[in-house]
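Visitor: I'd like to ask some things about the structure below.
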Amino acid sequence: MDSSQKKTELPSEEEVTRYLRNHPGFFLANEDLLVDLKLSHKTGKAVSLLERQVALLRERNMDMRNRLSKLLDNAQRNEQLFEQSKALILSLLEAKRADELSNTLCRHLVSDFEPVDYASLILFADPNKLGGSQLRVENPEQAREHIGGLLGSHKAVCGVLRPQELGFLFGKHADHIGSAAIMPIKPGNIDGVIAIASKDPEHFKSSMGTLFLDYIVEVVNRSLPKLMRSPFG
């Protein structure tokens, strides 16, 4: 039998692969091969199969540790957010006046929910009718002119706002704001917004979840009408 015939009798790469997959204990019986087999490393240095396996296991172990660490961090943040939200909601439920509810809301949002730096609650109505409420009340037409684009979806809007929008919502603080979240509210038959902002332009993003914000809106929508007389229905 000549050498060309011997070459054709060698198993193909596919056959070798299939054999090794079907016999995972092959290298247990041939441990010396683990050292003899050489693989090219991304550094250009040849390493044994055993060394490569150890390196891969270390990389996977590190990746799993990083994932676990992130999960634990998220769990801790969620637990902290839950406790802060509970304290805020209980304080809102204890408010005896509409202005007390508004002040409590803004104070808790700024002091307890880092990095919220500014917060405001604004109602859109005739200021002459709600002037005695000690709440911030803006004419609906003025609101539509300045922030109409934020109100169309009737959902929370997060991100970087235009100067005109920031000026209407946060007044003298507008120049210090990097990003904001705007939540439309409807206590009774009056529209309004809760606006919170951070100096960090990366904090409030359009992709962030708004479940916590939705809860706050629901509490305000239910509580505020009870603390005010007409025109709340």
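Counting from 287, one number per residue, gives the positions in the sequence shown under my numbering.
For glycine and all other residues, C-beta sits at the position ideal for the given N, C-alpha and C.
Bear in mind that the values here come from a model prediction, so they are computed numbers and not experimental data.
If Ile-482 sits next to Ala-460, beta carbons under 8 angstroms apart, how far is it from one beta carbon to the other, in whole angstroms?
Guide: No, Ile-482 and Ala-460 are not in contact; Cβ-Cβ is about 14 angstroms, not under 8 angstroms.
Visitor: Where in the region 390–438 do unbroken runs of the alpha helix (DSSP H), each at least 4 residues long, occur, reported from the N-terminal end onward?
Guide: You should have 413–416, 426–437.
Visitor: Kindly indicate which residue of Leu-354, Phe-456, Glu-317 has the alpha-carbon position closest to the one of Asn-406.
Guide: One detail in the question is off: residue 406 reads as Ser in this sequence, not Asn. Of the candidates Leu-354, Phe-456, Glu-317, the one whose C-alpha sits nearest the C-alpha of Ser-406 is Phe-456.
Visitor: How many Å lie between Asp-477 and Gly-445 at the Cα?
Guide: Using only the alpha carbons, I get a separation of about 21 angstroms.
Visitor: Distance, Cα to Cα, Gln-428 vs Glu-369?
Guide: Near 37 angstroms, if we compare the C-alpha coordinates of Glu-369 and Gln-428.
Visitor: Per DSSP, Gly-445 is paired with what?
Guide: Gly-445 is bridged to Ala-466.
Visitor: Assuming contact is defined by CB atoms lying nearer than 8 angstroms, are Pro-413 and Pro-473 in contact in what I supplied?
Guide: Cβ atoms of Pro-413 and Pro-473: not closer than 8 angstroms.
Visitor: Whole angstroms is fine: what's the gap from Arg-448's alpha carbon to Val-505's?
Guide: Looking at the two C-alpha atoms, the distance is approximately 28 angstroms.
Visitor: Taking only the alpha-carbon atoms, compute the straight-line gap between Asn-352 and Arg-344 and give it to the nearest angstrom.
Guide: If you take the alpha carbons of Asn-352 and Arg-344, they lie about 12 angstroms apart.
Visitor: Buried or exposed for Ala-373, going by 16 or more other Cβ atoms inside 10 Å?
Guide: Per the 10 Å Cβ criterion, exposed.
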